[in-house]
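Step one of this worksheet: look at the structure below.
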Amino acid sequence: MYPQFFHPLLLGLKQFLTAVLVVLLCLPVLAEANDSSSCLKCHRKNGQMLGLHGAEGLDLHCQDCHGAKGKHPRGESALIDFGQQAEIDKVEQTKPCMKCHESEKLQRGHWTHDVHQNRLSCSACHLLHPEQDPVVTMSPEAITQLCVECHQAPKGEQDAQ
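Be aware that the sequence shown starts at 1, since it is given in UniProt numbering, and climbs by one per residue.
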């Protein structure tokens with residue numbers, strides 16, 4: 001048997017080694033939580049953000065917009081999918097965008113927030129991953145044509161086309 005004074009030291013060492021083991025086992029999970037590399041293993045086509053959203057200084061990752069990976073791909077997923085065909089409603093699709101983009105500034109632009117906020121998500125007009133989002137550089141006339149894709153042009157404008 002060990003002398004009495006060794007027992008607290010051994011107990012402390014055992015707790016310390018257990019804590020170190022837990023941290024080492026959790027490191028891959030913690031690293032994956034804020035890293036897009038695990039997503040890019042499968043999502044190569046649309047996975048990389050090449051444009052403004054991919055700027056190094058922003059430090060955005062897939063999870064920042066799409067939500068936590070959770071059990072995806074092996075189980076049910078709560079990931080946010082974007083676009084008109086997505087199952088999640090437009091308000092929920094827009095929430096990740098609004099974390100960075102202020103609605104007051106959007107209202108000063110061509111976005112009619114009061115009219116569109118519940119019917120369209122940002123991805124209805126904007127391309128989110130490519131190197132260049134065409135909407136950003138469009139002329140006001142071209143933006144109007146984009147609107148006409150969903151809204152009928154006024155009668156006089158239809159005749160002029």
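Backbone N, C-alpha and C fix where the C-beta goes; we use that ideal spot for every residue, glycine too.
query, result
"Cα-Cα separation, residue 92 to residue 13", "49 angstroms"
"Beta-carbon spacing of residue 130, residue 51 below 8 angstroms", "yes"
"Helix, strand or coil at residue 19 according to DSSP, with G and I counted as helix", "helix"
"Secondary structure of residue 128, DSSP reduced to three states", "coil"
"Presumed contact (8 angstroms Cβ cut-off) between residue 97 and residue 62, rounded CB distance", "Contact doesn't hold; Cβ gap of about 15 angstroms is too wide."
"Exposure of residue 94, with buried meaning 16 or more beta-carbon neighbours within 10 Å", "buried"
"Outcome for residue 101 when other beta-carbon atoms lying within 10 angstroms are tallied against a minimum of 16", "exposed"
"Nearest residue (CA-CA) to residue 55, options 150, 72, 132, 144", "132"
"For residue 148 and residue 141, the rounded distance between their alpha carbons", "11 angstroms"
"Buried versus exposed call for residue 36 [16 or more other C-beta atoms within 10 Å across all chains shown]", "buried"
"Residue of 83, 146, 86, 39 minimising C-alpha distance to residue 69", "39"
"Nonlocal neighbours in the same chain, by C-beta distance under 7 angstroms from residue 124, ignoring five residues either side", "84"
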